[in-house]
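Working notes, structure below.
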Amino acid sequence: MLHISTAGHERANFNAALNVTASMQKALLCGVSVLACGVVLGGTPAAQAQTIGTSSASTVYSTGADITVLTNVVLSGTPFGIANATLTNSITNGGTVSNKHTGIYNADTLNAFSNTGTISGLTGVVNEFGGTIQTLTNSGSISGIQYGILNFGVINQLTNANTGVIATSGARSSAINNSGSIGRLTNNGTIAGGARGIYNYVTSNSAVAAYIGVLTNNGLISSRSNSAITNTGNSTIGVLSNTGTISGPGGIFNYGRADIGVLTNGTLTNGVASNALIRGGLYNAGTIGVLTNDGTI
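Structure, rendered in structure tokens:
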């Protein structure tokens, strides 16, 4: 079910930019469920998979079946390119999903989301409160002015492949902004934010912690103006492992009630340290359980 609740300044910023109205919520729900419109139908046939081969300026609403966007297709619907508010097996994008608000919007359970094309908007991908994405795999481009990926719900596994780019252009933007839970985040490509590459944050007095179980970087995580990785507020990163490059005016900031259980930079092979780099250093005013450096900080 679609949630438009408020919790923290990231939620307020997102809603203000999106300007979601009651009629817009009803339109989304009506697009995916006859029950949301007050109509009950018996014996409704199973939802049919949607293979989209034609460009459209209208939002594509999930019916619960697979959605596949073919190469050379452009979806530019407003406020969402593709919206899911029901249990859906998969969304696969090989085309372009682009508008001035949100490219992909999920408010329910999505088993698999794969992008080999281009997704862009004010925010590229939003996973709402109550939304769950089992696996999110990007080998294309996900970009936004404010956020590349904005998560308030649960993403069990997020993988940015070696050809993948998750990036933002705004001065105060974050490529990945997590105020929910990400079980495993693996970057083999590029995550680049205006202010932050990865921002794991909820307010310090929040009853729910922002959580990343395992964050593994084998590629590049960068910031133009702030820190490449920020973990702050009531937030936890269980394991942060870097064998690539983390780079910004600040490398890793960990402060407030924030906790990093294990932080490992680089590996040691036959007594020789790896080329793993945290450029901009490590600032800690929170808690780090174990710190191992076999690279450069």
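Going by my numbering, the sequence shown opens with residue 4, and the numbers climb by one from there. Every residue, glycine too, gets a C-beta built ideally from N, C-alpha and C.
Asked	Found
Kindly list the residues whose CB is nearer than 7 Å to the CB of GLY197, restricted to its own chain and excluding five residues on each side of it in sequence; keep chain order.	THR171, SER172, GLY173, ALA174, ARG175, SER176, ARG227, SER228
Could you give the DSSP three-state label for GLY173: helix, strand or coil?	coil
Do ALA164 and GLY200 have their C-beta atoms within less than 7 Å of each other?	no
Just the C-alpha distance for SER59 and ILE94, rounded to the nearest angstrom, thanks.	17 Å
Would you check if the distance between the CB atom of GLY292 and the CB atom of GLY254 is smaller than 7 Å?	no
Determine the direct distance from the alpha carbon of TYR258 to that of TYR286, and round the result to whole angstroms.	8 Å
From LEU266, VAL211, GLY167, THR193, pick the residue whose C-alpha is nearest to that of ASN181; which is it?	VAL211
Using DSSP's beta-bridge definition, name the partner residues of ALA213.	SER238
What is the DSSP secondary structure of GLN160, reduced to helix, strand or coil?	strand
Decide if GLY274 is buried, meaning its Cβ has at least 16 other Cβ atoms within 10 Å, or exposed.	exposed
Check each candidate in ILE249, ASP69, ASN268, GLY236 and name the one with the smallest Cα separation from VAL242.	ASN268
Can you tell me whether ALA261 is helix, strand or coil according to DSSP?	strand
Looking at the structure shown, is VAL72 part of a helix, part of a strand, or coil, going by DSSP?	strand
Check the C-beta distance from ILE169 over to ASN141 and give it rounded, since I have them as a contact under 8 Å.	6 Å
For CYS40, does the count of other Cβ atoms within 10 angstroms reach 16, so buried, or fall short, so exposed?	A caution first: CYS40 carries a pLDDT of 34, below 50, which makes its placement in the model too unreliable to give a value.
Once the 5 residues before and after SER61 are set aside, which same chain residues still bring their CB inside 8 Å of it?	GLY80
Are THR99 and THR121 touching if we call contact CB-CB under 7 Å?	yes
With DSSP collapsed to three states, give me the class of PHE116.	strand
Between GLY247 and THR71, what straight-line distance do the alpha-carbon atoms span, to the nearest angstrom?	33 Å
Name the DSSP bridge partner or partners of ARG227?	Looking at the DSSP assignment, ARG227 forms no beta bridge with any residue, so it has no partner.
Taking the DSSP output, what are the residues bridged to LEU188?	LEU161, LEU218
Can you look up ILE300 in the DSSP assignment and give me helix, strand or coil?	coil
Name, in chain order, the residues that DSSP records as bridge partners for SER59.	LEU78
Assuming SER250 contacts GLY283 (C-beta within less than 8 Å), just tell me the rounded distance between them.	6 Å
From GLY183, GLU131, GLY192, LEU218, pick the residue whose C-alpha is nearest to that of ASN237; which is it?	GLY183
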